[in-house]
Amino acid sequence: MLPHILESAKLFYPELALTIAFCFVILAGLVTRNRIFTGLAGMAGVLAALYFVSVQAPVDGTAFSDMLAVDGFSRFFKIVILAATFIVQLFSLQSAELKSRAMGTAEYNALLTALALGMCLMAGASNMLMMYLALELTSITSYLLAGYTREAEDSAEAALKYVIYGAVASGMMLYGISIVYGLTGALDIYSVNQALGSGQVNLWTLILAGILITVGFGYKISAVPFHFWTPDVYEGAPVTITALLSVASKAAGFAMMIRFFRVTFADLIMGGQETGAWAMLGGFEWNEVLAVLAVLSMTLGNLVALWQNNLKRLLAYSSIAHAGYMLLGVVTMSPEGVSAVMIYFVVYLFMNLGAFYVVMLVADKTGSEEMSAYAGLGQRSPFIGVAMTIFLLSLTGIPPTAGFVGKLYIFSALIGAKMIGLVVIGALNSVVSLYYYVRILKNMFLKDAAPGGAVFGLSVPEVAMLLLLLVPTLLLGLYFGPLVEYAQASVSIFGIPR
Amino acid sequence: MHLPVPIEYYLALSAIMFITGVTGVLARRNAIVIFMSIELMLNSANLALVAFSTRMGNDAGQILVFFVMAVAAAEAAIGLAIVIALFRNRETVFVNDMNILKW
Amino acid sequence: MMQFLGLGILTWITFLPVAGMAVVLLLGKDNKQAIRWTAAVFTGIQVVIAALIYMGFDRGMSGINTMAGFQYVEKVSWIDIRSFSWFGNLKIEYFLGIDGLSVLMVILTALISFIAVFASWGIEKSLKGYFALLLLLDAGMMGVFVSLDFFLFYVFWEIMLLPMYFLIGIWGGPRREYAAIKFFLYTLLGSVRMLLAVIALYFSVSVLDPATGEKVHTFNMIAMMNPANFEPGSLLEGVGTTWRYMAFIALFIGFAIKVPIFPFHTWLPDAHVEAPTAISVILAGVLLKMGTYGILRVSFPMFPDAAVAYQIPLAILGFVNIVYGALVAMAQTDFKKLIAYSSISHMGVVILGMAALNTQGMTGAILQMFNHGTITAMLFLIVGVIYDRAHTRGLNEFGGLMNQMPRYSAVMVIAFFAALGLPGLSGFISEAFSFIGAFQAFRWIAIASTIGIVLTAAYMLWTLQRVFLGTLPEKWKDLPDINGRELFMLVPLAVIVIILGVYPAPAIDLMSSAVNTLVDIVNAQGAMALIGQ
């Protein structure tokens, strides 16, 4: 037993680094109130984790008796998650909203690392026990962070709504897990797959369980109809946390969901020889369920976003819509589709965090997240205006920005799988999304500043931060070869013949 | 292993508890009661897991139950802490009154 | 192949405006004169390069579907992805080149952009941003006409949207916000459909990589024109299949919105009326041509079967455009709106000509694209001149300007007569070719379309009458005549209109071999489809 644990620990260095950083920051918080120090300590932990992920040998394996899979797929998502966390930690150092809260800064930074840990575990979870635990670790830390500025009424309210929705979703998921366990006698998804493959399982019970488990995933990736918490939490939580939830926790949810569907329900022996697409056990097409979620998410997210005036809320609905686009990639149930989702996450990381960073800057400087605060921004602060323009165009998916590459690969995967109807819906949705993104552009450039709308400059770190997000957003739109190759090389899921 | 009570009884009870929990979440407006309903949902899953585990002579389910109990406690603690934070601001525990954020 | 500093001439002509944009952005905000002249110099060099291209252009080379037929070719590997299966292998190239189809458009773009800079001389609001966007727009338009890789084409196609949105939205008239977003949404709606068709084409076409001997998917437009490159069992393989028709329609809608073809035209009058003069000039002079250019460059040679199958519907759309545009133009009292609808009518002639699928028709269509570019540019400039002075565009408010503004009237008469197709001016030649071609292909539609010519003559002459004849209203007693800068913009265009009207050979020579090749491809392969049915 001990040799196995030691062996597994070698694969577990990234998570260990995060755990150590978490403990260190908590302890440091007992002796210092310096938010910069604890912030930097947390960042060091995340950077160390990133380092350990990147130096891991490109071999697929599992750790801790098949609890965690360590494979190309999980490494890719861990990099996305950790990069997003790191960038958000940088935001947090600058955020005025957080500065105003004197108490508990060490806890804030510690929770960020704990959140990163939970999400990394989600990316690798290959046992339903681990899935549940990782999901809960992520969720519970998110509840706390969403309510972190608890003196603000909306923050506490957001946290409460989040807890209720999150707990219900995870309860449903747990019930689904218990049914799957009852059907197959296993929690480990590889054994579940074998048991299902033997064909002694009541299909309808399995479908019920699968749908209950999908509720858990749907909540985490904020897919319609499990999205109700999203706008409230995104609006109420501190901007930094909203940004993190919109990218990293969505990535973790997708990673867990893709692994679960890929391993549990796919016919691993017979499937995928001819077309590259996965065959499903028992003949139930899970991708049809996902397709419904995808279409609902895109359409509802985009349509409701049209009416929003609060930028955080608008971006919340936009993130629901983006979850829909990404779900389209999963619907193809093919390596092409999964790699498209992975590509999308990398570009989404930069463009969405960029948009949230601009929201944070404007909120810090004008005290408002409303659309009206953006009137005349193009004249008041041209650099922010141009940066926001590029982020928004990228979110719409207009070349030569990175967002176009993301959409291109999602659409390509669908057309490759001959799912023309879905791809048309996706394309039309991106036209709808243009309308509300352009509303922001309109306010920034076509409207004159309100009287008293101060001209504001940017400090050097702020410019550097914007450039850090802006450059990849443009560069990946013009030269995406390495990203695509890396993503396509990383679709390997442990135990799955490609 | 042989159960003195047929497994269907356990499962039926578990299903009833689960549905009661879901209904409670949907129908009740008091945040505390909602949390109690959520506990009911989690415990219904626990009951099913234990029943299955015993029936199949497989420990995995019972191990999961211990984790679920710990997590449920953590979740309840956080939930109640947030309710208290909100109560200090608002003097209410009814989710109907929480309407700063809406569509 | 012509090169300068290691870069091909087409790279220069495309990216010079981007360099100009960078210079403009570096200049101080208040240094207005320097900003204007920078833009003028960079677009001026562009015109010079266009002239060089024109002189060096080999009239005998055909282009269209053979690599060897293209001129000034530049081809560099841009993105080359090796994937886990050959399915995901991808090749995107920086592939530029021109042939008889595009050379006129390149010249037109350079010319119109240069003129647009002078037409923008009077802009005062955020001058720096204006010229930066104008130059970016110029680069995007030029890029569309020179790129032969579909990915590159699409990127340039989309790059234009944003500058156009801002140019209308910030510097436009009272309803600018509405017009700008309408333009943006319409074009994006078209281009996402186009994107889907492009992806489908990309998945269906593969070529052998000469280096490895592996099959690779490619965005190379020329490879997409060769039926042998279509992968067996792929979506768009075969002749006359439903998927091919759907892809053709998707592409067609993308292009049709740009042209604009009825019923996708409603964005155009709004955009034109609200846009500042220079932007209207660019919009009518170049942007609309991108739609018809796309149909000729992409839809016809890649889907000859569908082109033949949809010949008659296409011709009917051309007819509708001609007559509908003319009828609505007749009802206008706003000078600019009248010109906008006349554009729709004239673009209908292009559609009609290309639908004929024969040499005369296509020659007429391409020539009409160029001529309409120059003539409509003149018309919008003329509107701009009067609007700058009178601050109104109401046709009924004018009258008797002939004596008040004699030089202005002379220019306007040339432009109007060219627009209504008076023999001896360029519009006549191209319309005549289009109609002759159309008459051979579908007699009755062609005859019906001639109603449009009559209607055009009617509203053009009526407009002239309303503006020039009658008594001069009291308030216009001191309107100054056209000035030197305005003449500098209008006279070269007028010269081109007259020369091409008298002696069109210089333009027709450029494209004749390309047109013949295109006609052969469409008819040969299209006939195959008909036999197969």
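Chains as they are written, first to last, in the working numbering: chain F, 247 to 744; chain X, -12 to 90; chain C, 68 to 600. No residue lacks a Cβ here, since even glycine has one placed at the ideal position from N, Cα and C.
- Task: Would you decide whether P(-9)(X) is buried or exposed? Buried here means 16 or more other CB atoms lie within 10 Å of its CB.
- Result: By the Cβ neighbour-count rule, P(-9)(X) is exposed, with fewer than 16 other Cβ atoms within 10 Å of its own.
query: CA-CA distance, W224(C) and G358(C)?
result: Distance between the alpha carbons of W224(C) and G358(C): 10 Å.
- Does the beta-carbon distance from Q435(C) to V450(C) come in below 7 Å? Contact flag unset, no.
With H, G and I counted as helix, E and B as strand and the rest as coil, what does DSSP make of G518(F)? For G518(F), the predicted structure reports a pLDDT of 48, less than 50, and the residue's modelled location is therefore unreliable. A value from the coordinates is still provided. Correct three-state label for G518(F): coil.
TODO: Mind checking which residues open and close the alpha helix (DSSP H) that includes H284(C)?
DONE: That residue, H284(C), is in no alpha helix (DSSP H); its beta strand (DSSP E) goes K282 to T285.
So for N373(F), helix, strand or coil by DSSP?
Reduced to three states, the DSSP call for N373(F) is strand.
| field | Any chain F beta carbon closer than 7 Å to R58(X) | value | According to the sequence provided, residue 58(X) is Val. The question's Arg does not apply to it. Under the Cβ distance rule, V58(X) counts among the residues neighbouring chain F, one pair being separated by less than 7 Å.
Does T521(F) get closer than 7 Å to chain C when you measure Cβ to Cβ?
Its pLDDT being 49, under 50, T521(F) is placed unreliably by the model, and nothing is read from it.
If we count Cβ pairs, one from each stretch, closer than 8 Å, do we get three or more for the stretch 444 to 452 of chain F versus the stretch 371 to 389 of chain F? The stretch 444 to 452 of chain F vs the stretch 371 to 389 of chain F: no contact.
CB A314(C) to CB L303(C), shorter than 7 Å? Closer than 7 Å, so yes.
Inset, instruction - Can you grab the Cα-Cα spacing for the pair K256(F) / V222(C), in whole Å? - result: Their Cα atoms are separated by approximately 46 Å.
Hey, quick one: how far does the beta strand (DSSP E) through K345(F) stretch, first residue to last? It is not in any beta strand (DSSP E) - K345(F) instead sits in the alpha helix (DSSP H) that spans A342 to K345.
(Q) Please report whether the beta-carbon of M4(X) lies at a distance below 7 Å from any beta-carbon of chain F. (A) Chain F contact via Cβ: absent.
Continuous beta strand (DSSP E) stretch holding E141(C): start and end: Here the beta strand (DSSP E) through E141(C) covers Q138 to I148.
| said: Check for me: the alpha helix (DSSP H) holding L573(F) runs from which residue to which? | reply: For L573(F), the enclosing alpha helix (DSSP H) begins and ends at L557 to V577.
Practice task
Could you work out which residue in G499(F), G285(F) and L660(F) is closest to T359(F) when comparing CA atoms only?
Solution key: Of G499(F), G285(F) and L660(F), the residue nearest in Cα terms is G285(F).
For this session: Determine, using beta carbons only, whether L73(X) comes closer than 7 Å to chain F.
Result: At a cut-off of 7 Å between beta carbons, L73(X) contacts chain F.
Sheet register partners of G161(C) (DSSP bridge): A small correction: the amino acid at residue 161(C) is Tyr; Gly does not occupy that position in the sequence shown. Bridge partners of Y161(C): V143(C).
Check your understanding: What whole-angstrom Cβ distance do L77(C) and Y139(C) have, given they're in contact under 8 Å?
Key -> Their Cβ separation, rounded to whole angstroms, is 5 Å, which keeps L77(C) and Y139(C) in contact under 8 Å.
List the residues of chain C that I266(F) touches, going by C-beta distances under 9 Å, in chain order. The premise fails here: I266(F) is roughly 36 Å from chain C at the closest Cβ pair, so nothing lies under 9 Å.
Distance cut-off 6 Å: P230(C) Cβ against heavy atoms of the ligand NAP: The ligand NAP is absent from the structure shown, which contains no ligand whatsoever.
Residues in the stretch 403 to 415 of chain F with C-beta within 9 Å of chain X's C-beta atoms, listed in sequence order? Identification of residues in the stretch 403 to 415 of chain F having a C-beta nearer than 9 Å to some C-beta of chain X yields E403, A404, A405, L406, K407, Y408, V409, I410, G412, A413 and V414, given in sequence order.
Bridge-paired residues (DSSP) for E616(F)
Paired residue(s): N556(F).
- [ ] Spell out whether any CB of chain F is found under 7 Å from the CB atom of G48(X).
- [x] True, the Cβ-Cβ gap to chain F drops below 7 Å.
**Prompt:** Is E244(C) close to chain F, meaning its C-beta is less than 7 Å from at least one C-beta of that chain?
**Reply:** For E244(C), the answer is yes, since a Cβ of chain F falls inside 7 Å of its Cβ.
Taking 7 Å as the CB-CB cut-off, is E615(F) touching chain D?
-> Among the protein chains in the structure shown, which are F, X and C, there is no chain D.
Classify L615(C) as helix, strand or coil using the three-state DSSP reduction.
-> No information on residue 615(C) is available, as it lies outside the stretch 68 to 600 that chain C covers here.
Just the Cα atoms here: how many angstroms apart are D276(C) and E731(F)? For D276(C) and E731(F), the distance between alpha carbons rounds to 18 Å.
Can you look up Q302(F) in the DSSP assignment and give me helix, strand or coil?
Coil.
Return the bridge partner residues of L74(C) from the DSSP annotation.
Per the DSSP secondary-structure output, L74(C) pairs in a beta bridge with F71(C).
Does the contact criterion of 3 or more C-beta pairs under 8 Å hold for the stretch 459 to 473 of chain C versus the stretch 533 to 544 of chain C? With the cut-off at 8 Å, the stretch 459 to 473 of chain C and the stretch 533 to 544 of chain C touch.
(Q) Relative to the C-alpha of E353(F), which candidate in L391(F), I686(F), F337(F) and K324(F) has its C-alpha closest? (A) Among L391(F), I686(F), F337(F) and K324(F), the Cα nearest to that of E353(F) belongs to L391(F).
Self-check item: Chain-order list of residues whose beta-carbon lies under 7 Å from that of F258(F) (same chain, five-residue window excluded)
Solution: These residues qualify, in order along the chain: A309.
Should A303(F) be labelled buried (16 or more other beta-carbon atoms within 10 Å of its own) or exposed? Classification for A303(F): exposed.
Just the chain F side, please: which residues come within less than 7 Å of I237(C) by C-beta, in chain order?
The contacting residues are F691 and L692.
**Study point:** Residues near G327(C) by beta carbon distance below 6 Å, same chain, minus five either side
**Key:** Note on residue identity: the sequence assigns Pro, not Gly, to residue 327(C). If the five residues before and after P327(C) are omitted, its C-beta is found closer than 6 Å to the C-beta atoms of L335, all from its own chain and listed in chain order.
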